[in-house]
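Engineer: Have a look at this one.
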Amino acid sequence: MSEEFKIEIVNPEKSFLLKEDVTEVIIPAFEGEMGILKDHISIISFLKPGLIIINAKSGEEKYYVEDGVVEFKNNNLSILTSSVYNLKDLEKSKLQNLLKEAEEAANNEEINDQSKYLIDQKIEVLKSLN
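The sequence shown begins at 0 in numbering that gives the first Met the number 0 and counts up by one.
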């Protein structure tokens with residue numbers, strides 16, 4: 000019996016990714032890193048800045064996301080996000096620009112605790128990718 004399921008990542012511009020040979024996906028959920036396998040219980044969760052790691056028959060792929068919503072139901076994983084980057088296509092200069100913007104936002108004295116937490120998460124992930 001097949002252990003595969005389908006994933007779709009959608010951003011405002013287009014359907015960013017559609018794969019049907021996925022065996023496992025690790026997502027940066029607010030609750031912590033979450034691994035999803037075929038027949039996982041139905042979930043809806045929010046994403047925090049981090050990496051989506053997709054293991055599929057065709058190989059492993061990694062994507063950086065800053066936010067989003069995840070839904071898994073009937074062996075279909077849907078990820079809606081405002082920004083997603085394939086790590087193999089992410090240029091070092093773009094990575095450094097994202098980090099610089101995040102560090103500038105973290106220095107803003109008027110941000111609330113939730114925004115500060117998310118910005119700190121973003122900085123931590125971007126530094127680990129650098």
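No residue lacks a Cβ here, since even glycine has one placed at the ideal position from N, Cα and C.
Check this for me: beta carbons of Ile25 and Ile52, under 8 angstroms apart or not?
Structural biologist: As a position in the sequence shown, residue 25 is number 26, starting the count at 1. As a position in the sequence shown, residue 52 is number 53, starting the count at 1. Yes, Cβ-Cβ distance for Ile25 and Ile52 is below 8 angstroms.
Engineer: Quick check: the Cα distance between Glu90 and Phe15, rounded to an integer number of angstroms?
Structural biologist: Taking the sequence shown and counting its residues from 1, the one referred to as residue 90 is at position 91. Taking the sequence shown and counting its residues from 1, the one referred to as residue 15 is at position 16. Their backbone Cα atoms lie some 18 angstroms apart in a straight line.
Engineer: Which partner residues of Val69 appear in the DSSP bridge assignment?
Structural biologist: By one-based count along the sequence shown, residue 69 stands at place 70. In the DSSP output, where bridge partners are listed per residue, Val69 has Ser44, Ile78.
Engineer: If we ignore side chains and look at the alpha-carbon of each, how far apart do Leu36 and Ala28 end up?
Structural biologist: Residue numbering aside, residue 36 sits at position 37 when the sequence shown is read from its first letter. Residue numbering aside, residue 28 sits at position 29 when the sequence shown is read from its first letter. Cα to Cα, Leu36 sits roughly 15 angstroms from Ala28.
Engineer: According to DSSP, Glu60 sits in a beta bridge with which residue or residues?
Structural biologist: Residue mapping note: residue 60 aligns to position 61 of the sequence shown, counting from 1. Per DSSP, Ile53.
Engineer: Nearest-angstrom Cα distance between Asn74 and Phe45?
Structural biologist: As a first step, residue 74 is located in the sequence shown; it is residue number 75 there, counting from the start. As a first step, residue 45 is located in the sequence shown; it is residue number 46 there, counting from the start. Asn74 and Phe45: Cα-Cα distance of roughly 18 angstroms.
Engineer: Is it true that the CB of Lys5 sits closer than 8 angstroms to the CB of Val21?
Structural biologist: Counting from one through the sequence shown, the residue named residue 21 turns up at place 22. Counting from one through the sequence shown, the residue named residue 5 turns up at place 6. In this structure, Lys5 lies closer than 8 angstroms to Val21 by Cβ.
Engineer: Indicate the three-state DSSP secondary structure (helix, strand or coil) for Ile118 in the structure shown.
Structural biologist: Walking along the sequence shown from the start, residue 118 turns up at place 119. DSSP places Ile118 in helix when its eight states are reduced to three.
Engineer: Going by DSSP in three states, Asp88 sits in which element: helix, strand or coil?
Structural biologist: One-based indexing of the sequence shown puts residue 88 at position 89. Asp88: coil per DSSP, three-state reduction.
Engineer: Please determine, among Asp38, Leu97, Ser1, the residue with the shortest C-alpha to C-alpha distance to Asn129.
Structural biologist: Along the sequence shown, one-based indexing puts residue 129 at 130. With distances taken between Cα atoms, Asn129 lies closest to Leu97.
Engineer: Could you give the DSSP three-state label for Ser127: helix, strand or coil?
Structural biologist: As a first step, residue 127 is located in the sequence shown; it is residue number 128 there, counting from the start. Three-state result, Ser127: helix.
Engineer: Where do the ends of the beta strand (DSSP E) carrying Ser14 lie?
Structural biologist: Residue mapping note: residue 14 aligns to position 15 of the sequence shown, counting from 1. Residues 14-28.
Engineer: How would you label Val124, buried or exposed, when you count the other beta carbons within 10 angstroms and need 16 or more for buried?
Structural biologist: For the purposes of this step, residue 124 is identified with residue 125 of the sequence shown, where counting begins at 1. The residue in question, Val124, is buried, as its Cβ has 16 or more Cβ neighbours within 10 Å.
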